[in-house]
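J.:
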């Protein structure tokens, strides 16, 4: 899935980095310099909400787009939650989504 | 009436039927006793009469024989007197020698040794056979004697038997026999007196005495006793004019009577007879006491026997009464035992060794039907009522029981009820040996465990459904990820300059993938319907929402008509449950209309309740099926085609929601199923607004750090509060509206809710606090407002603390505790 997102974004001439685990993200030295984060709420190790908590705690200013295979109410709740803790929430996407959905969710154009 | 007898009466009345029996026994015994004593009385009086009569008979015979003897004695002595008197009259100067010679001539028995004397009118003895009367000797006067007075006054010429006299010469008792001497002019001329020894009369008395208290007597009619034999002693003389005899004599010359003798005070039965013409009476009497003694001796045996019989009767009736009382106690205990047997919710039966039902309680009959119990013959019959799948198992148990084993917890089986339904039963069977005849029988108790079994079954099915739901949810998630990869890659492919044919193929694949997306969406929708608590919903809106699904489920051959209500109908139900119920009803209706038909789904309000009606034009149900339609696992469908849980679930749902379900059906015309549900007030906050999401909740309060949800439509202030909280290392989340706050509460757990009261939107801070306090009772709730408490709350007191803006940081920290 992550590879697909990378492919979808590759045409926009962006630097894309993929983290399969929440822990990997927080180990990354570029954590605070990401412009945008596409966050799947169901990661194997950390829950999406906890990742958002941590991001808020370190004062992340990255745009965040949450996505999930679960129904839309959860991504919506996640978006409200993220805003509520002071994250820069860009939007919420329910899987499956199209490239257009993804790009517009990130405020980009193809 | 005394308290004791009152109590006794009450006790007796309380005995009822037994009391009547005791009464009857007592009366019967008394009657028998009276009869026995009456009989004895009769025997005694009969015996007495007999004895008295026979003694009287003997006495009168004695009297008669005395009379004969004494009369002839007197007649012969009188003859002598008459001859002597004739001599004397013819020759007044008769001498002693001449008299003695005359007496010799008449050959008067020497034994009689009569002394004859002549008394002149003055009472002087002028001639005596015993002594020479002359002037030299003193003259003897007898004018004071009774016989002299008698003859002087009585002119009749008749032998007079005078009162006994004690001789003035010898002192010996003699009996004077006298005749009057009458002069030619008829005047008194003296008395001719012959004295005889009284032994002449009394000798036979002694020989024929009738016992110590017997009496025999010779009495003069003038009231003087001549002689009397009393208890073996001879008594001479005595006045007897007061005796009962003289009363009796006035009635008859011969007779018997009973009287107390004046002389010795003894009561006697006396018989008498007058000796004519001598004016004397012969008596013979026996003492009544002696006669009674004789009677007693005779009847003693009878009285003894009667007393024995009486005692026996009393003892017997006591035994009977005790028996009745014991029987009553036994009956009472048996009755209460029977009541108990009929009261218990189990069926109880007594079965003989061949398996025939000897006795059952009512519940068994209610279950198996009266005819079935009557027909119950043998174990084969018993086994025939067992469900075929359980029969072998039960047979084994019965065999086990016959050989003395006990069936404890494993005896659960299905048994046929009178209407043919098989219900689950738990049974115990115990072998009992009758000590009376050594026979063997079985006591069997059965408990209806059908409901429990069904509940277990339902729970199992529900569990299965739930796990299927969870599985589906998880799978849908995975599928979405897969589909996302497929769809995304397809999109990327499109921009890679494919050939027209290739592009078309890609389009087809994309279309299929999109359909897959739709399918997973609906699967997920189903899976996410976790068991919800009731919520207030617009019922028709729900129906409209799922109507496409219902229409689809019905298929194309059935017309689907919806009749909306005239007003909005709010009910408080489990939304997912109601959807399942509607789907169930639709599927049932479809099953009833294999050839097509029409289905009407209508909603209305009647009598203040919501009435949801599903009406089909199908085959309808026979009465027997209609009655059992809501029974779990009852199905008319072929095995494997239906669980038989549909209508039972619908009915259960209606009941759980505080409503009812009603089936109206006519064979060939169709079926209408009505679900009546209570109306809900939409203004009252329902207990549960949304389902909590599948994402697990984790409390974060363990390290003292709080998770705070701040709700305010003024972000500026909220931001300040969040900074304060952050400085305290609490996690603070902002929500702009009550709606957002509820959404967040649904996915994340919070320790504190800090909400502004006045906010735009459907729900204000108070509404949010109320809902939150119900949904998340562990969460601490704080209110904040720019107005004073009174103004802000407006509806009086609220149970949560209020922070009045602007508030200081310390105020907040203090409020957070």
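Chains as they are written, first to last, in this note's numbering: chain A, 1 to 110; chain B, 111 to 927.
Where is the CB? At the ideal position from N, CA and C, for every residue including glycine.
Residue 378 of chain B bridges to which residues according to DSSP?
T.: Indexing the second chain from 1 puts residue 378 of chain B at position 268. Residue 378 of chain B pairs with B:369 and B:397.
J.: Consult DSSP for residue 212 of chain B and reduce its assignment to one of helix, strand or coil.
T.: Position 102 of the second chain, counted from the first residue, corresponds to residue 212 of chain B. Helix, per DSSP.
J.: For the alpha helix (DSSP H) that contains residue 1014 of chain B, what are its first and last residues?
T.: It is not possible to answer for residue 1014 of chain B, since the shown part of chain B is limited to 111 through 927.
J.: Residue 99 of chain A versus chain B: which residues are under 8 Å apart at the beta carbon?
T.: For this step, residue 99 of chain A is matched to residue 99 along the first chain. Chain B residues near residue 99 of chain A: 598, 601 and 602.
J.: Kindly confirm or deny that the segment 34-43 of chain A and the segment 117-135 of chain B touch, where touching means at least three C-beta pairs closer than 8 Å.
T.: Touching, no.
J.: Counting only runs of 3+ residues fully inside the segment 324-365 of chain B, write out the beta strand (DSSP E) ranges in chain order.
T.: Whole beta strand (DSSP E) segments, 3+ residues: 325-330, 335-340 and 343-346.
J.: Give every residue of the same chain whose Cβ lies closer than 8 Å to the Cβ of residue 829 of chain B, excluding the five residues on either side of it in the sequence, and list them in chain order.
T.: In the second chain, counting from the first residue as 1, residue 829 of chain B sits at position 719. Same-chain partners within the cutoff: 844.
J.: With a threshold of 7 Å between beta carbons, is residue 850 of chain B in contact with chain A?
T.: By one-based count along the second chain, residue 850 of chain B stands at place 740. Chain A, which has a Cβ nearer than 7 Å to the Cβ of residue 850 of chain B, makes this yes.
J.: Please compile the residues from chain A whose C-beta is within a distance smaller than 8 Å of the C-beta of residue 1000 of chain B.
T.: Only positions 111 to 927 of chain B appear in the structure, and residue 1000 of chain B is not among them; the question remains open.
J.: If you draw a straight line from the alpha carbon of residue 113 of chain B to that of residue 123 of chain B, how long is it in whole angstroms?
T.: The count along the second chain starts at 1 and reaches residue 113 of chain B at position 3. The count along the second chain starts at 1 and reaches residue 123 of chain B at position 13. Each residue's alpha carbon lies about 15 Å from the other.
J.: Determine the burial state of residue 447 of chain B: buried for a count of at least 16 other Cβ atoms within 10 Å of its Cβ, exposed for fewer.
T.: For this step, residue 447 of chain B is matched to residue 337 along the second chain. With fewer than 16 Cβ atoms within 10 Å of its Cβ, residue 447 of chain B is classed as exposed.
J.: Kindly indicate which residue of B:289, B:421 and B:117 has the alpha-carbon position closest to the one of residue 147 of chain B.
T.: Walking along the second chain from the start, residue 147 of chain B turns up at place 37. Nearest option by C-alpha distance: B:421.
J.: So residue 62 of chain B and residue 77 of chain A are supposed to be a Cβ contact under 8 Å. How far apart are they, rounded?
T.: Only positions 111 to 927 of chain B appear in the structure, and residue 62 of chain B is not among them; the question remains open.
J.: Quick one: which chain B residues come within Cβ less than 8 Å of residue 8 of chain A?
T.: As a first step, residue 8 of chain A is located in the first chain; it is residue number 8 there, counting from the start. By Cβ distance, chain B contributes 598, 601 and 602.
J.: Would you report the Cα separation of residue 431 of chain B and residue 502 of chain B, rounded to the nearest angstrom?
T.: Locating residue 431 of chain B in the second chain gives position 321, where the first residue counts as 1. Locating residue 502 of chain B in the second chain gives position 392, where the first residue counts as 1. Taking the straight line from one Cα to the other gives about 55 Å.
J.: Quick check: the segment 383-395 of chain B against the segment 163-181 of chain B, are there 3 or more CB pairs under 8 Å?
T.: Yes, they touch.
J.: Using 7 Å as the limit for Cβ to Cβ distance, is residue 37 of chain A near chain B?
T.: Translated into positions along the first chain, residue 37 of chain A becomes position 37. Output row for residue 37 of chain A: interface = no.
J.: What residues in its chain sit with their C-beta under 8 Å from that of residue 413 of chain B, if we drop five residues either side in the sequence?
T.: Position 303 of the second chain holds residue 413 of chain B. Around residue 413 of chain B: 150 and 154.
J.: Scan the segment 611-627 of chain B for residues whose Cβ lies nearer than 7 Å to a Cβ of chain A and list them as they occur along the chain.
T.: Listed by position, the residues of the segment 611-627 of chain B near chain A (Cβ gap below 7 Å) are 627.
J.: Along the chain, which unbroken stretches of the beta strand (DSSP E) at least 3 residues long are found entirely within the segment 463-532 of chain B?
T.: If we require 3 residues or more, the beta strand (DSSP E) runs fully inside the segment 463-532 of chain B come out as 467-470 and 522-526.
J.: What does DSSP give as the partner residue(s) for residue 680 of chain B in the beta ladder?
T.: Taking the first residue of the second chain as 1, we reach residue 680 of chain B at position 570. Bridge partners of residue 680 of chain B: B:648.
J.: Along chain A, in chain order, which residues have C-beta atoms closer than 8 Å to that of residue 594 of chain B?
T.: The residue you call residue 594 of chain B lines up with position 484 of the second chain. Going along chain A in sequence order, the residues near residue 594 of chain B (Cβ under 8 Å) are 1, 4, 69, 95, 96 and 97.
J.: Mark residue 468 of chain B as exposed unless 16 or more other C-beta atoms lie within 10 angstroms of its C-beta, in which case mark it buried.
T.: Here residue 468 of chain B refers to the residue found at position 358 when the second chain is read from its first residue. Result: exposed.
J.: Using alpha carbons as the reference points, say which of B:917, B:919 and B:894 lies closest to residue 908 of chain B.
T.: As a working note, residue 908 of chain B is residue 798 in the second chain. Answer by Cα proximity: B:894.
J.: Does residue 554 of chain B pass the burial test, meaning 16 or more other C-beta atoms within 10 Å, or should it be called exposed?
T.: Position 444 of the second chain, counted from the first residue, corresponds to residue 554 of chain B. So residue 554 of chain B counts as buried.
J.: What are the start and end residues of the alpha helix (DSSP H) that includes residue 546 of chain B?
T.: Taking the first residue of the second chain as position 1, residue 546 of chain B is located at position 436. Taken as a continuous stretch (DSSP letters only), residue 546 of chain B belongs to no alpha helix (DSSP H), as it is neither H nor E.
J.: Taking 7 Å as the cut-off, decide whether the C-beta atoms of residue 139 of chain B and residue 423 of chain B are in contact.
T.: Indexing the second chain from 1 puts residue 139 of chain B at position 29. Indexing the second chain from 1 puts residue 423 of chain B at position 313. Yes, the Cβ-Cβ distance between residue 139 of chain B and residue 423 of chain B is below 7 Å.
J.: For residue 586 of chain B, tell me which candidate among A:27, A:89, A:30 and A:70 has the shortest Cα-Cα distance.
T.: For the purposes of this step, residue 586 of chain B is taken as residue 476 along the second chain, with counting starting at 1. The option with the nearest alpha carbon to residue 586 of chain B is A:70.
J.: Rounded to a whole number of angstroms, what is the C-alpha to C-alpha distance between residue 721 of chain B and residue 525 of chain B?
T.: The sequence position of residue 721 of chain B within the second chain is 611, counting from 1. The sequence position of residue 525 of chain B within the second chain is 415, counting from 1. The alpha-carbon atoms of residue 721 of chain B and residue 525 of chain B are separated by roughly 38 Å.
J.: With residue 335 of chain B and residue 348 of chain B assumed to form a contact (beta carbons below 8 Å), what rounded beta-carbon distance in angstroms separates them?
T.: Locating residue 335 of chain B in the second chain gives position 225, counting from the first residue. Locating residue 348 of chain B in the second chain gives position 238, counting from the first residue. With a Cβ gap of about 4 Å, residue 335 of chain B and residue 348 of chain B count as contacting.
J.: Which same chain residues end up closer than 8 Å to residue 193 of chain B when comparing Cβ atoms and leaving out the 5 residues on each side of it in sequence?
T.: Numbered from its first residue, the second chain carries residue 193 of chain B at position 83. Result list for residue 193 of chain B: 212 and 216, in chain order.
J.: Could you tell me the boundaries of the beta strand (DSSP E) in which residue 68 of chain A lies?
T.: Here residue 68 of chain A is taken as the residue at index 68 of the first chain, counted from 1. Here the beta strand (DSSP E) through residue 68 of chain A covers 63-68.
J.: For my contact list, residue 419 of chain B and residue 157 of chain B are in at a C-beta cut-off of 8 Å; report their separation, rounded to the angstrom.
T.: Taking the first residue of the second chain as position 1, residue 419 of chain B is located at position 309. Taking the first residue of the second chain as position 1, residue 157 of chain B is located at position 47. Not really, about 18 Å apart at Cβ, beyond 8 Å.
J.: May I ask you to report which of helix, strand or coil DSSP gives residue 131 of chain B?
T.: Stepping through the second chain from its first residue, residue 131 of chain B is reached at position 21. Note: residue 131 of chain B maps to helix in three-state DSSP.
J.: Helix or strand or just coil, what does DSSP make of residue 251 of chain B?
T.: Looking up residue 251 of chain B in the second chain gives position 141. Strand, per DSSP.
J.: Which of the three DSSP states, helix, strand or coil, is assigned to residue 862 of chain B?
T.: Taking the second chain and counting its residues from 1, the one referred to as residue 862 of chain B is at position 752. Note: residue 862 of chain B maps to strand in three-state DSSP.
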